[in-house]
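Chains as they are written, first to last, in UniProt numbering: chain E, 1 to 283; chain S, 1 to 266.
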């Protein structure tokens with residue numbers, strides 16, 4: 001790691017006009033395992049890769065439910081994430097208590113962004129070392145936001161954070177235009193394909209290392225989801241059916257290679273975007 | 001809190017000082033009590049008051065009515081006070097009870113609406129949210145033994161849903177298709193229930209207006225704190241409208257034969 005002169009105090013600008021401590025905090029997010037978020041007209045979903053410290057250890061939780069309508073996936077320092085998620089839960093409860101209203105998702109995200117921004121400006125503090133993907137639904141529909149320790153928050157169609165998340169981002173950028181009209185099952189498949197891109201060479205997605213967070217109506221594979229589709233986290237067994245729906249990587253690549261050659265899809269349906277290739281059901 | 005041990009638990013502390021904490025001439029004044037508790041005064045009773053507010057559901061929305069009187073005890077002190085107040089674009093509240101507390105609530109709600117507007121994110125506080133907020137304020141104040149001395153009706157229509165509910169100085173809430181506060185709960189409410197219940201989805205605006213005007217007339221005849229001048233607030237899909245003050249038509253010919261009316265002969 002480089003050693004900078006202007007990095008011992010986060011409130012001091014470097015001569016280049018940068019705040020090194022803030023940039024290091026953004027690096028801490030990149031150390032965390034990857035998380036992916038996508039949004040359609042009806043759903044917002046999260047997918048995250050859980051890590052364990054070894055064969056004997058359990059997997060570290062990556063997703064948290066904030067309220068019935070909001071959930072987050074984290075990348076970075078888990079302890080900082082707990083501070084912020086507890087704060088989010090308080091905000092959400094306060095909104096329900098005072099106004100009997102689920103808190104609008106954008107306001108929840110802004111509130112933690114404001115909190116994080118203070119830490120980039122006040123002497124004697126440090127930025128949070130964690131980034132969030134926040135999904136939720138409110139009166140204005142499903143939403144996906146990214147929160148960063150720099151105090152920035154943005155809304156996205158699709159986003160990824162964490163280690164090797166650039167590969168996932170590349171996948172999302174290639175396919176995001178088809179997400180809006182996706183079914184939940186297709187959206188999850190896209191999410192898993194994106195998450196798979198962030199894996200190391202010899203690793204694969206399993207029911208143990210994959211978390212799926214959903215905000216929106218139930219999937220055909222889910223049971224006992226309330227009508228509105230409150231936020232829920234799928235882990236372990238329930239994830240299997242979605243993992244099986246993925247197109248194996250070699251096949252997907254082969255199809256992608258074929259695609260430019262054969263313009264029309266094999267089943268003769270209306271010409272779809274190349275991105276729809278790996279949406280076809282796999283056995 | 002009295003910090004002097006000599007004063008504790010003794011009906012006559014001036015008699016002696018068992019702990020010898022003070023020379024006799026320096027004894028704390030036995031009549032002395034906590035300066036803070038004596039300095040603070042809380043609302044013991046409402047001062048300038050408004051009487052009943054009535055509210056009913058009808059086909060296209062909700063209607064509230066209240067007269068324009070603010071009484072000072074039994075004196076009809078202010079005869080042109082508006083007791084119906086719009087909050088945001090889809091809610092109206094009506095207040096009976098202490099008018100200064102009502103004015104305080106108006107400033108609170110104005111602040112709240114400005115903050116909500118400043119968010120500029122397409123979310124808006126509707127009648128249900130306003131009602132919940134008011135109930136928390138009212139209950140919070142009563143828990144400090146310092147209530148805001150009002151009975152309020154909150155009415156509104158948002159996302160096609162009508163809302164009419166009550167909240168008072170204790171934080172008590174309930175919702176119904178017809179509600180009346182104060183004296184109206186005894187005199188007008190039975191009339192409103194007969195006229196409205198079961199017909200909430202069929203009553204036209206004209207019919208609803210007629211029902212409320214009749215109820216206000218009865219109240220003016222029987223409620224000694226009422227006035228024959230009233231305003232009606234309507235919330236429908238077009239939003240909130242509060243009418244100009246209108247006069248209640250009354251007939252007093254029957255009163256001539258009543259002892260106590262007019263100049264007394266024998």
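By construction, the Cβ of each residue, glycine as well, lies at the ideal position given by its N, Cα and C atoms. From a predicted model like this one, the values you see are computed outputs, not experimental measurements.
Residue i at chain E interface by Cβ criterion, 9 angstroms
i	result
residue 157 (chain S)	no
residue 133 (chain S)	yes
residue 136 (chain S)	yes
residue 110 (chain S)	no
residue 237 (chain S)	no
residue 85 (chain S)	no
residue 121 (chain S)	yes
residue 148 (chain S)	no
residue 129 (chain S)	yes
residue 125 (chain S)	yes
Proximity winner among the options, relative to residue i (alpha-carbon distances)
i	options	result
residue 216 (chain E)	E:99, E:85, E:140 and E:92	E:140
residue 89 (chain S)	S:249, S:247, S:239 and S:253	S:239
residue 137 (chain S)	S:158, S:101, S:231 and S:155	S:101
residue 28 (chain E)	E:66, E:68, E:98 and E:148	E:148
residue 49 (chain E)	E:254, E:191 and E:249	E:191
residue 204 (chain E)	E:117, E:236, E:249 and E:26	E:249
residue 356 (chain E)	E:32, E:79 and E:127	Look at the range of chain E in this structure, 1 to 283, and you will see that residue 356 (chain E) is not part of it.
residue 273 (chain S)	S:242, S:57 and S:65	Only positions 1 to 266 of chain S appear in this structure, which leaves residue 273 (chain S) out of reach.
residue 178 (chain E)	E:38, E:70 and E:26	E:38
residue 86 (chain E)	E:76, E:72 and E:36	E:72
residue 193 (chain E)	E:170, E:55 and E:75	E:170
residue 116 (chain E)	E:220, E:150 and E:222	E:150
residue 105 (chain S)	S:74, S:232, S:175 and S:147	S:147
residue 168 (chain E)	E:34, E:16, E:213 and E:76	E:34
residue 101 (chain E)	S:83, S:133 and S:84	S:133
residue 184 (chain S)	S:153, S:123, S:251 and S:142	S:153
residue 242 (chain E)	E:256, E:220, E:226 and E:142	E:220
residue 20 (chain E)	E:255, E:131, E:247 and E:6	E:6
Residue-chain proximity (residue i, chain S), Cβ-Cβ < 9 angstroms
i	result
residue 99 (chain E)	yes
residue 140 (chain E)	yes
residue 39 (chain E)	no
residue 152 (chain E)	no
residue 15 (chain E)	no
residue 107 (chain E)	yes
residue 217 (chain E)	no
residue 238 (chain E)	no
residue 149 (chain E)	no
residue 104 (chain E)	yes
residue 93 (chain E)	no
Residue i, buried or exposed, once every other Cβ within 10 Å from all chains shown has been counted against 16
i	result
residue 269 (chain S)	There is simply no residue 269 (chain S) to check, as chain S begins at 1 and stops at 266 in what is shown.
residue 255 (chain S)	exposed
residue 146 (chain E)	buried
residue 262 (chain E)	Summary for residue 262 (chain E): the model assigns pLDDT 45, below 50, so the residue's position carries little reliability; its value from the coordinates is reported in the next sentence. It is exposed - the Cβ of residue 262 (chain E) has fewer than 16 other Cβ atoms within 10 Å.
residue 134 (chain E)	buried
residue 18 (chain E)	exposed
residue 235 (chain S)	buried
residue 257 (chain S)	exposed
residue 97 (chain E)	exposed
residue 72 (chain S)	exposed
residue 52 (chain E)	exposed
residue 201 (chain S)	exposed
residue 156 (chain S)	buried
residue 114 (chain S)	exposed
residue 162 (chain S)	buried
residue 235 (chain E)	buried
residue 82 (chain E)	exposed
residue 94 (chain E)	exposed
residue 224 (chain S)	exposed
Those residues which DSSP pairs with residue i across a bridge
i	result
residue 147 (chain E)	E:132 and E:153
residue 226 (chain E)	Beta-bridge pairing links residue 226 (chain E) to no other residue.
residue 86 (chain S)	S:92
residue 212 (chain E)	E:47 and E:234
residue 72 (chain S)	S:48 and S:75
residue 137 (chain E)	E:142
residue 58 (chain S)	S:61
residue 106 (chain E)	None; residue 106 (chain E) has no bridge partner.
residue 138 (chain S)	Per DSSP, none; premise fails for residue 138 (chain S).
Are three or more beta carbon pairs between the stretch 189-207 of chain E and the stretch 215-234 of chain E nearer than 8 angstroms? no
Any contact of the stretch 115-122 of chain E with the stretch 156-168 of chain E, i.e. 3+ C-beta pairs under 8 angstroms? no
Given 8 angstroms as the limit, is there contact between the stretch 98-118 of chain E and the stretch 7-23 of chain E, that is, 3 or more CB pairs closer than that? no
Segment contact, 8 angstroms Cβ cut-off, at least three pairs: the stretch 210-223 of chain S with the stretch 121-135 of chain S: no
Counting pairs of Cβ atoms below 8 angstroms between the stretch 174-184 of chain E and the stretch 94-109 of chain E, do you hit three or more? no
Per the contact definition of three or more C-beta pairs closer than 8 angstroms, is the stretch 115-123 of chain S in contact with the stretch 186-198 of chain S? no
Count Cβ pairs between the stretch 60-68 of chain S and the stretch 78-86 of chain S that sit closer than 8 angstroms; are there 3 or more? yes
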